[in-house]
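Quick note on my numbering: the sequence shown kicks off at 1 and runs consecutively.
Even for Gly, the Cβ is constructed at its ideal location relative to N, Cα and C.
Single-structure report; data block below.
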Amino acid sequence: WKKSGFSGRKEESVTLVAENGPRKITLVGLGDVADVNVRIVKAAVRGLTRSAQKNNDARIAVLFPYRLPMLDEAATTRAIADFLIHGDYAYDPYITVRENREKKELHCTLIPPAAVTAKEARNLLDEAMTIAAAVRVARDLGNGQGNLVTPTRLAERAAEVAKNAGLKCTVYDKKEIQKQKM
1 WKKSGFSGRK EESVTLVAEN GPRKITLVGL GDVADVNVRI VKAAVRGLTR SAQKNNDARI
61 AVLFPYRLPM LDEAATTRAI ADFLIHGDYA YDPYITVREN REKKELHCTL IPPAAVTAKE
121 ARNLLDEAMT IAAAVRVARD LGNGQGNLVT PTRLAERAAE VAKNAGLKCT VYDKKEIQKQ
181 KM
């Protein structure tokens with residue numbers, strides 16, 4: 001990697017082709033260690049996932065052996081998992097002309113810091129996946145057109161999500177909302 005000129009500057013990346021072992025290794029710079037924060041790492045992971053999709057890579061492994069500022073190793077692992085899961089989010093249901101090639105699903109393997117056990121990593125991933133599914137629903141509803149994502153549709157979707165999760169959902173009509181001074 002030294003011959004590539006990679007220095008680790010923020011937003012710098014280089015992909016190396018390996019002779020043996022993994023086919024490609026991509027190094028992503030985060031800048032000066034004193035300046036690294038959650039936002040910088042999130043942007044780097046998003047860039048990494050987009051680059052992998054652009055290059056038609058079906059599988060990537062991400063090694064992040066550090067702790068993010070103010071987080072322990074487990075919380076750092078959970079944050080990186082969140083970034084990987086959301087790295088490919090795009091709201092595009094109305095795009096009628098697609099690129100010639102079909103967008104492949106990207107499979108990511110996160111290698112956590114040594115302090116995180118395999119069992120703990122699995123639990124963190126399960127939690128991240130559950131929350132990510134809910135976040136995607138919220139993003140899709142928030143990004144939807146106002147004439148389609150009406151208050152009635154929001155209520156219907158909330159009832160669907162609650163039912164699937166085994167929760168009770170109460171939807172108030174205009175009269176009840178006014179009565180409660182909402």
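- Less than 8 Å divides the Cβ of E127 from the Cβ of R78.
- By the 16-neighbour rule on beta-carbons within 10 angstroms, V116 is buried.
- I60 is the residue among I60, D32, L148 whose C-alpha sits nearest the C-alpha of A81.
- In this structure, the beta-carbon distance from L141 to R157 falls below 8 Å.
- At a Cβ-Cβ threshold of 8 Å, L110 and V41 do not count as neighbours.
- If only uninterrupted alpha helix (DSSP H) runs of at least 4 residues are considered, those enclosed by the segment 137-168 are 151-165.
- Residue pairing from DSSP places K24 in a beta bridge opposite V17.
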